[in-house]
Every structure is written in structure tokens, then in C-alpha cells.
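Notes follow the structure.
2 protein chains.
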Amino acid sequence: MVPNALCLRYKFKTQTSKLKISMIYPVNWQDDRVVLIDQTRLPAEYAWVDIDSSSDMATAIKTMIVRGAPAIGIAAAYGMYLGAREIETEDKDEFFNQLEEVARMLRQTRPTAVNLFWAIDRVLKTARDAGNGTLENIKAVLLSTAKAIQTEDLQTCQAIGDRGLEVLPATPEKLRILTHCNAGALATAGYGTALGVIRSAWKANRLAMVYADETRPRLQGAKLTCWECVQEGIPVTAIADNMAAHCMKLKMIDAVVVGADRIAANGDAANKIGTYSLALVAKAHNIPFFVAAPLSTIDFKLATGEEIPIEERDPSEIYKVGNTILTPDGVEFYNPAFDVTPAEAIAAIITEHGAVPPGELAQFNSGSIPALK
Amino acid sequence: MVPNALCLRYKFKTQTSKLKISMIYPVNWQDDRVVLIDQTRLPAEYAWVDIDSSSDMATAIKTMIVRGAPAIGIAAAYGMYLGAREIETEDKDEFFNQLEEVARMLRQTRPTAVNLFWAIDRVLKTARDAGNGTLENIKAVLLSTAKAIQTEDLQTCQAIGDRGLEVLPATPEKLRILTHCNAGALATAGYGTALGVIRSAWKANRLAMVYADETRPRLQGAKLTCWECVQEGIPVTAIADNMAAHCMKLKMIDAVVVGADRIAANGDAANKIGTYSLALVAKAHNIPFFVAAPLSTIDFKLATGEEIPIEERDPSEIYKVGNTILTPDGVEFYNPAFDVTPAEAIAAIITEHGAVPPGELAQFNSGSIPALK
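One line per chain: the protein sequences are A and B, in this order.
Under my numbering, the first residue of the first sequence carries the number 11, and numbering increases by one thereafter.
Under my numbering, the first residue of the second sequence carries the number 11, and numbering increases by one thereafter.
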């Protein structure tokens, strides 16, 4: 059972208009606890919240204080360490039993992002591999694994950004890139996947404008992607989700780059609801559609995207925005949080080891992938 | 110049949860003035506002107190009478000069809906045709023409609803119909165009569910279409605009029916932003896409939809919902209110004289269209 409410302990809280942040790290290890940027409060407020128990971490993931597939993975890895720290037994078998309980609680938070399960499994494996050591030692290994996942993700995102530059269309003018939801620094250790490609394009002086789908119902595009771009002075235009096709028809968009929460072996990609619609309209206008994601997002156990579980979230996300109620009483709601874009609508999947057509993902399905330098 | 603010005089105002309305008429002639349902206050509040001057009517149209192409036409026709009533001259030439000024002001309110221009031109023509009579007489003709436009529109919508039944797909189960924005009773004299087809399907016991796109940025689907359906007990499910393609993939939708603000001679149809996107994703799933509109929506002077002017509205519509600000400072906005769906994405245009493929609209381009019985 994941609790639904969290008594937030804010470390620091300010109006965002009063600061510019050069580097955005949503998950931080500080003073023996995790400090998260509370992403539900952006862009109005920039707030950090202390998390020092595994159950608080589960709540933070479930309530989307931390969100974005890679960031969820990192947060869950730290959550595993926080959980291990809470276990009081001296018995090693009992310790691992209780650690499995922590893993179970954390796995229940969000069903779609595979990085969550990947990170928990990796942390569990390193703990078991260190099983001959003392409990103190095993706990230290858990913490260092969480830190390693975080460090690697940052390097991975920077590599994804650079590899993305190799496949973005070569246009005489600078690029206008549309993105959906937030696959940015906030969704990762930092730098971002889709926004990593956009950041690299900006640094390479190849970017004219980011178009940010607002991304109903939770508005991560309007709130988070726009905020990240503004922090770094990247020009960004907010549009409603239903405007993308019209913008494409008017030749305002050169490429679409989005993130992913889980990619099946055949290249079908689950991402924020609305991604599939965007892929279809991009295809209708011959605009290349890219998915940027680390290899940890690929779930080779799934043959196709049809097997990816789609989280349904609370109807209240559609029913109201802030305190404004949008619909009358008596209406039903359908609120899927993700959809699946079929491989054939994807020009390339941009990973840290290169951008490949979705049909060529199998080359990454081995233990022999070289580590990033 | 159309003023931006209006000192509203509310005749009647109540929480909508306290009433059920069996017949919805957005524009009413009562006690020598126009009484409008204030559509900006639905669904939270059901309020009527008195309009007794042409400039107030222009403001009501511009600020979307009254909206929807046919309803705008009706409101503008009454606005022409209100304007005529304000003219104090006894000189007939001067009267017509001033009446042209009223027409100019009303035409400036919304650029896309052709019904606005059609209704103003029709009222002007009947006034000129009655030019031999007294000014009192001419003014009476203006009022009776506005009333006639309203009465005819109600009959037209009922006919559109019935003709729509002839082309909706024949399915073993009852239909699940997706609609966008509000092309309902509120957008017309009553009954609606797209929602007219849906109402007729409901009465014919052929309807299982309406899916209502919420229709960002102004949310007319969530607010108005859902409200209309709830009033009549028609089952309705609200979804975010970006969910439609996913619903289609899951085979939750049998047909799409939308309204139109202007249709070119070749069948290209301008309608609320997001309609084009919806047409593309419906086509990708082989789901029939229908446009329901009266013949007065067809602008035979325009060869194709490329010539239709697209209104851009205030960025604040994207920037915030109610009092909740969605984006950080420093973001740009693009807020087109309409888009154009190409004829080839439309299965049929449902008019009061029958549903035809977009390529066969020319048959209606003559003065010989029979009046509805």
C-alpha cells in the first residue's frame, strides 16, 4: 500500500520568478537524505522537499513530486536504500525479506515506466551480490548503487543529446522542434532525453524554437518543459496539444522529439498520453518523429507495445485545473496516462549508444554493451 | 471598434446543479431585447444576460458570451436590429449609412465563422428590399428577419440531425460517437449541428456514448458539450484532446461528428482548433469523420480552405485556466482558434438537405434550394 498523502518538509521554497537555475537536478542526495524538487509546484514555485523514508519516497513517486521515467528509477533506487536503512533486523535472510517488501511497495507506485522496475532490480541484485558482507556493508552498497544509477543517467542523457544531433534533419535554417510532456532534466538525473537532444541542438547553434505541447491533463509541457527552457534562455512557444497538426500543416515544425517510459523489443514506445496522436499527425506531414531514451527504457522481455500496461490516473486530473472545475456533475471520465506509438511511426530511437531505426534495437539486447566513456 | 468589456445585467443566475433544462436556447428575444445564456459561465453557473444595444451585442460575440457559428449569426442579426433601433435620423440614406456602420462593427467581432457575415448580409438585404417603406417599417422588417433566421436555424438543425442518421455507420451495437468543441444547442438556435446528429441518434435509440474532447484552450467540450448532454441524460465521457487517437486504437469510437465555422466550395472545413488533428487520426484508424453544418456555413466564394482567415485569440487562453497560471514568465504563445480540415479527410458533410461527400457540395450552390418543410 502506497500512502496518498505526504507531510512535506520543505527545505527551500521561493517564487520561481526570483531565480534562474543553471543546472537542474530533480533528485539530490544531501545530508543523509534525498532532496527532491517538488515538480507539482512548478512553475509557480521552486520548492525542495526532504525525503528520508522509503514510504515517503513511494508517495513522492505516486503523487508525481518526482516524475519522468529515468528520474523515477533514480528516486526508487534511493528509496531502496532508505528502506534498507529502516530495517532493524540483524538476520540477513530477514533483511532480504524485508528489502523485498520495500521493493514491492516501490514497484506499486507507477505501472508503466520500466526504469522503475529496472532500477529496483539492479539495486536488489547488487545487494544480493554483496550478500557475503556485513549488513552495514550491504546497505552501503545499496547507496553507492543508487548514486551510480544517478551518475550514469546524467552521462547517458548527455550522450543521448549528442547522438541526437546526428539524426536531426539538416535544414538550411535553424530547427523548430516540437516536444510533448517533459522529457527534460526534471525527468532524469539532469539534462534530459528529448530535452537533452534539444539542449545539444541549442548548444550547437542549430535550434530556432522549441514548441511545447502543454500536455493535458497534468500540463507537464506547459509547466515543466517551458520552465526548463526559460531557465536556459532557450526560445519556447507553448501550444495546446490539439494545435500540433495545424502547426505542422503551416510548416512551423521540422522535427518531433519525445521521451519514452517503456520501449518494447520491436520498437513500440509507450510515452505520455498524446504521443501516439502526435506521431500520427507527424507522419501525415512527413515530419520525422524521434524517441529519445536510455537503453534502460527498453524492455526486451516484451515483444510488442501491446503488452505494456497503461496506467489510468484519477479523473480529477481532467475534472479540474487548480480550483477551476471544468465539467458539470454527471459526466464520466477516461484518463489514461500513457499511450503506445507503434514502431512504424518512429524514424529513430535515440539512445546513448546511437540512434537506430526501431527495427534495429536487438543489437542492444546483450550484456556486452560498452559502458559510456 | 468593438469594446472589450461589458457591464453585464443578469436577469437570472443560478448554480447549474440546481436545475435541469429540457430545451436549450442560447439567444432569446424577450421584452424588446435579446437575452443570452452567458456561455462563459457554464457549467458552474447558468446565467442570462440582457443585451439591448448593438455594441453590447458586438462585445458579447467577441468575448464569447455567445459562440458557435450559427448562434453568432442569429445574435448578429438581432444586433443589426438593435443597431437600427438606435439610429435617430429621419433621413433614409443616412439611416442606411449608419446601418452599414453597425454591420461593420458586428463583422469585426469574429473573422472565421461565415454565418456571421451571411446573417448580416441577409438582414441588410431585406432592409434594402423594404427601402420604399417607412423607417419604422424597415426596422420592423429587420427584427422579423432576425426572428426568421433564428426559427429557420432551429428547423435546419433538426433536419441536420435526422439526415445525419442516414450516414452514421450501421453497427450491431449502439454507437460511440466522438465530438470536438461544442456544436450543440448552445452553438445554434437550439438542438445543434454535430450534437443535433447525436441528439437524433439518442432519440432513435442508436447511441451508447458521447466522447467529448475537452477542447483546449477554451474547453467548450468539457464545459458546454458535457453540460448539454447531462441536461438530457445522454451518457458522456470527457477526455483530453490528446486521448482521442488512443481511444480510436482501442476501438472505443465508431464515428466522429463535428461542426464547422466555414466550409469552402471544395469541402475543406474550418472548425475549432484540433478538428484537423482529429480528422487525421480518425483517417489513420478508418473511422468515418463527419462535418455537420447548415448550408449557410458553406462559402461558395472560396475555392479552398486555404483562403479561410484563421482567428488568433489572446495568449491568456493558454497561459491560465481560471486563476491558475500554467506557464512560467518568458514563454511565447501561439493560439489559433480554428484550423482547416481538408475535404479528403471528411466522409460526408451533413446538411439540412442531406449528407453528401465534400466533392458534391456544388449541387447546393444555387438559389433554387428548396426551403425546409
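The beta-carbon is built from N, C-alpha and C at its ideal position, and this holds for glycine as well.
Just the chain B side, please: which residues come within less than 7 Å of residue i by C-beta, in chain order?
i	result
A/Asn281	Near A/Asn281 there are no residues of chain B at all, since even the closest Cβ is about 11 Å away, more than 7 Å.
A/Ala232	Leu336 and Thr337
With distances taken from CA atoms, which of the options is nearest residue i?
i	options	result
B/Glu321	B/Ala193, B/Arg209, B/Ala123 and B/Pro304	B/Ala123
B/Pro367	B/Asn375, B/Ser376 and B/Ala355	B/Ala355
B/Ile130	B/Ala81, B/Gly284 and B/Asn333	B/Ala81
A/Ala4	A/Asn215, A/Tyr221, A/Ala156 and A/Gly231	Shown here, chain A extends from 11 to 383; a query on residue 4 of chain A therefore has no answer.
A/Arg114	A/Ala294, A/Leu305, A/Gly206 and A/Met90	A/Met90
A/Ala57	A/Asn38, A/Ser63 and A/Ser65	A/Asn38
A/Thr136	A/Gln118, A/Thr155, A/Tyr286 and A/Gly206	A/Thr155
B/Phe343	B/Gln49, B/Pro227, B/Leu188 and B/Thr307	B/Pro227
B/Pro245	B/Arg272, B/Lys259, B/Asp264 and B/Leu217	B/Leu217
B/Leu288	B/Val350, B/Lys330 and B/Phe106	B/Val350
A/Val341	B/Ser32, B/Ala279, B/Ala169 and B/Asp223	B/Asp223
A/Phe374	A/Met258, A/Phe348 and A/Pro304	A/Pro304
A/Ile335	B/Ala279, B/Leu46 and B/Gly332	B/Gly332
A/Asp42	A/Pro53, A/Ala54, A/Gln49 and A/Arg95	A/Arg95
Going straight from the alpha carbon of residue i to that of residue j, what length do you get?
i	j	result
B/Met67	B/Ala86	7 Å
B/Leu164	A/Cys236	45 Å
B/Leu371	B/Val266	20 Å
A/Trp128	A/Val59	25 Å
A/Ile283	A/Thr73	17 Å
A/Ala51	B/Leu126	It should be pointed out that residue 51 of chain A corresponds to Arg in this sequence rather than to Ala. Going from the Cα of A/Arg51 to the Cα of B/Leu126 covers about 43 Å.
A/Gly202	A/Lys233	16 Å
B/Ala302	B/Thr198	12 Å
B/Asp309	B/Arg120	16 Å
B/Leu109	B/Val44	18 Å
A/Asn9	A/Thr361	In the structure as shown, chain A starts at 11 and stops at 383, and residue 9 of chain A therefore has no counterpart that could be examined.
B/Pro13	B/Arg132	Reliability fails at B/Pro13, whose pLDDT of 46 lies under 50, so the model's placement of it is uncertain and no value is given.
B/Ala15	B/Ser64	Here the model assigns B/Ala15 a pLDDT of 49, short of 50, so the residue's position is not dependable and the matter cannot be decided.
B/Ile249	A/Val207	31 Å
B/Arg138	B/Glu111	15 Å
B/Thr161	A/Ile75	54 Å
B/Leu152	B/Leu92	9 Å
A/Thr69	B/Gly78	44 Å
B/Asn107	B/Ala353	39 Å
A/Ile47	B/Gln118	47 Å
B/Thr247	A/Arg272	28 Å
B/Met11	A/Ala279	Any reading at B/Met11 must be qualified, since the residue scores a pLDDT of 46, below 50, and its modelled position is unreliable; no value is offered.
B/Ala347	A/Ser376	50 Å
A/Leu312	A/Gly277	10 Å
B/Thr166	B/Glu104	36 Å
Which chain B residues are close to residue i, counting only those with a beta carbon under 8 Å from its beta carbon?
i	result
A/Pro227	Ala250
Please list, in chain order, the chain A residues whose beta carbon lies closer than 7 Å to that of residue i.
i	result
B/Trp237	Pro338
B/Pro53	Thr337 and Pro338
Since residue i meets chain A, which of its residues come closer than 9 Å, beta carbon to beta carbon?
i	result
B/Gly284	Ala250, Asp251, Asn252, Met253, Ala255 and His256
B/Glu224	Arg226, Pro227, Ile328, Leu336 and Thr337
B/Lys261	Simply none; closest approach about 13 Å.
Taking residue i as the query, report the chain A residues whose CB atoms sit under 8 Å from its CB, ordered along the chain.
i	result
B/Leu196	Simply none; closest approach about 13 Å.
With a threshold of 8 Å between beta carbons, is residue i in contact with chain D?
i	result
B/Lys184	Among the chains of the structure shown, chain D does not appear; the protein chains present are A and B.
Taking 7 Å as the cut-off, is the beta-carbon of residue i closer than that to any non-hydrogen atom of the ligand FAD?
i	result
B/Glu327	This structure simply doesn't include the ligand FAD, nor any ligand for that matter.
Taking a Cβ distance cut-off of 9 Å, strictly less, list which residues of the segment 311-335 of chain B are near chain A, in chain order. Hits within the stretch, in order: Ile320, Pro325, Glu327, Ile328, Tyr329, Lys330, Val331, Gly332, Asn333, Thr334 and Ile335.
Note down, in chain order, all residues in the segment 241-253 of chain B with a beta-carbon under 8 Å from any beta-carbon belonging to chain A. Answer set for the segment 241-253 of chain B: Pro245, Val246, Thr247, Ala248, Ile249, Ala250, Asp251, Asn252 and Met253.
Output needed in chain order: residues of the segment 338-353 of chain A with a Cβ under 7 Å from some Cβ in chain B. Only Pro338, Asp339, Gly340, Val341, Glu342, Phe343, Tyr344, Pro346 and Asp349 from the segment 338-353 of chain A bring a Cβ to less than 7 Å from some Cβ of chain B.
Mind checking the segment 135-157 of chain B against chain A and listing, in chain order, the residues whose C-beta falls within less than 8 Å of any C-beta there? So the list is empty, because no residue satisfies the distance condition.
Would you call the segment 242-254 of chain A and the segment 308-325 of chain A touching, i.e. three or more CB-CB distances under 8 Å? The segment 242-254 of chain A and the segment 308-325 of chain A do not touch, with fewer than 3 CB-CB distances between them shorter than 8 Å.
Decide if the segment 180-199 of chain B is in contact with the segment 127-147 of chain B; the criterion is three or more beta carbon pairs, one per stretch, under 8 Å apart. No: the two stretches stay apart, fewer than three of their Cβ pairs being nearer than 8 Å.
Segment contact flag, the segment 164-176 of chain B with the segment 201-216 of chain B, C-beta cutoff 8 Å, min 3 pairs: Yes: at least three Cβ pairs fall under 8 Å.
Just checking, does the segment 321-334 of chain B make contact with the segment 91-100 of chain B on the three C-beta pairs under 8 Å criterion? No contact exists between the segment 321-334 of chain B and the segment 91-100 of chain B.
Would you list, in chain order, the members of the segment 288-303 of chain B that have their beta-carbon closer than 7 Å to a beta-carbon of chain A? Within the segment 288-303 of chain B, the residues whose Cβ lies closer than 7 Å to some Cβ of chain A are Leu290, Val291 and Ala294, listed in chain order.
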